[in-house]
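> I'd like to ask you about the structure that follows.
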Amino acid sequence: MRTLLKKTRFVYPLIALACAPLAANADSGFYIGGGVGAATLEANFGDTGIPGFPTDLDEDDTAYKLFAGYTFDLPSIDLAVEAGYLDLGGPGIDVLGTEVTLESTGINLWGIAAVETGPIDLFAKLGYVSWDVEFSALGSSTSEDGSDLGYGLGLSFGLGPIKVRGEYEVYDIEDADVSMLSLGLTYQFD
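The working numbering numbers the first residue of the sequence shown as 94 and each following residue consecutively.
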């Protein structure tokens, strides 16, 4: 009996090592999520020729986003591809007593790299945003759209399929910089 126990004590670590790649990839798969936070719009308009129109803009508003992605859980890092919709709010400015609002929305595509440090993951993201800004004043509106670069940093915390995720994202939209600080949740499917 003692000989059998001595022989099997080496078998269990070998089984654990053989299953390690399966455990490392246990978090691969699809996920969905959303977040709420604040967006800041900073722009330099210069001299527009419109009396009372500001040359600079630095306004905040409530923002939200919805997203879905796929994580590839590798031994030391996680890589993910994520797509989402974001609403950066509609900050307003006063031009000679008239409220002008700038409502910004977009669809983005991210490449994400994360380092797992226990239950906390630190990640960086780089991507592309297709945006639309609608300018409204005096009952009429006009819009402008385009596509630009985005980048961000964040961390997530969770045990199991649900994670809390905090992020800071920056979008370089033509002559403006839009940043978003958000807190959200993700759910990883098996």
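Glycine included, every Cβ here is placed at the ideal spot set by N, Cα and C.
#1: Considering only the beta carbon of each residue, do Y163 and V129 sit closer than 8 Å?
#2: If you compare alpha carbons, which of V257, S240 and A230 is closest to A269?
#3: Buried or exposed for F250, please, with buried defined as at least 16 other CB atoms from any protein chain shown within 10 angstroms of its CB.
#4: Is it right to say E262 is buried, meaning 16 or more other beta carbons lie within 10 angstroms of its own, or is it exposed?
#5: Between G182 and A132, how many whole angstroms is the CB-CB distance? I'm expecting something under 8 Å.
#6: From what residue to what residue does the beta strand (DSSP E) around F282 run?
#7: Reducing DSSP to helix, strand and coil, say where D154 ends up.
According to the structure shown:
#1: Numbered from 1 along the sequence shown, position 70 holds the residue referred to as residue 163. Numbered from 1 along the sequence shown, position 36 holds the residue referred to as residue 129. It is not a contact, given that the beta carbons lie outside the stated cut-off.
#2: Reading the sequence shown from its first residue, position 176 is the one you call residue 269. Comparing Cα-Cα distances from A269 to each of V257, S240 and A230, the minimum goes to S240.
#3: Residue mapping note: residue 250 aligns to position 157 of the sequence shown, counting from 1. Exposed, by the Cβ-count rule.
#4: Here residue 262 is taken as the residue at index 169 of the sequence shown, counted from 1. E262 is buried by the Cβ-count criterion.
#5: Against the sequence shown, residue 182 aligns to sequence position 89. Against the sequence shown, residue 132 aligns to sequence position 39. With 8 Å as the limit, G182 and A132 qualify as a contact, their Cβ atoms being about 5 Å apart.
#6: In the sequence shown, the residue the question calls residue 282 occupies position 189. Here F282 belongs to no beta strand (DSSP E), and DSSP marks it neither H nor E.
#7: Translated into the one-based positions of the sequence shown, residue 154 becomes position 61. D154 falls in the strand class under three-state DSSP.
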